[in-house]
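Asker: Would you mind keeping the following structure in view while I ask a few things?
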Amino acid sequence: MAEHEQLIADIMVAQQRLQRLFAYDRTDPLFNSHLTLTQIKILMLLSRHGNVSGVELAGMLGVGLAALSGMVDRLVSQDLVARTEDLHDRRVRRIGLTRAGSELIGGIFDAGMEKQRKLLSRLSAEQLRLIAEATHLLVRAAADELDHPTP
């Protein structure tokens, strides 16, 4: 069991080092956005879930509607997010990404993928097979964790 824990620790240290190396790259659109962490979270949630009501978005963030309103106002003023009327209930305001918001969050995601592709292209076919197998194992473990969370 000690070897198992040591291997986990080694992997975690290597992943932290990789994250730190990525953090040195100031060309990443994330560093040029001037957004707060919460604003980035909002954009990521809207990218994933599409247009949502204020109540839904506040629930996803774990904040109240009053706090969310100010956050969304700032994103609206930057033309990254838009509020629209719900087609089925005029009392409900939907919040969604604008084209600029979609492009910004897409650029952040694409930059990460491009960094990863660049690194992977430096490896041999044998090394890529190992990483592909390990990645598939991690995906299966993550899916299993979602279905059967450990306490």
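Each step along the sequence shown adds one to the number in my numbering, with nothing skipped, and position 68 is 237.
All C-beta atoms, glycine included, are put in the ideal place defined by N, C-alpha and C.
These numbers come from a predicted model, not from an experiment.
Among Asp242, Ile274, His257, Arg298, whose alpha-carbon lies nearest the alpha-carbon of Asn201?
Answerer: Numbered from its first residue, the sequence shown carries residue 201 at position 32. Of Asp242, Ile274, His257, Arg298, the residue nearest in Cα terms is Ile274.
Asker: Curious, which full-length alpha helix (DSSP H) runs of at least 4 residues does the stretch 221-252 contain?
Answerer: Counting whole runs of 4 or more residues, the stretch 221-252 contains the alpha helix (DSSP H) stretches 223-230, 234-246.
Asker: To the nearest whole angstrom, what separates the beta carbons of Leu256 and Leu215, a pair I think is in contact under 8 Å?
Answerer: In the sequence shown, the residue the question calls residue 256 occupies position 87. In the sequence shown, the residue the question calls residue 215 occupies position 46. That pair is no contact at about 18 Å.
Asker: Check whether the Cβ atoms of Val245 and Glu254 sit closer than 9 Å, and answer yes or no.
Answerer: Position 76 of the sequence shown holds residue 245. Position 85 of the sequence shown holds residue 254. No, the Cβ-Cβ distance between Val245 and Glu254 is not below 9 Å.
Asker: Leaving out the 5 sequence neighbours to the left and right, which residues in its chain are closer than 6 Å to Asp242 when beta-carbon positions are compared?
Answerer: Here residue 242 is taken as the residue at index 73 of the sequence shown, counted from 1. Nothing listed; no residue qualifies.
Asker: Which residues in the same chain as Val250 place their Cβ atom closer than 8 Å to its Cβ, once the five residues preceding and following it in sequence are excluded?
Answerer: Counted from its first residue, the sequence shown places residue 250 at position 81. Cβ within range, chain order: Ile211, Leu212, Leu215, Val241, Leu244, Ile264, Gly265, Leu266, Thr267, Gly270.
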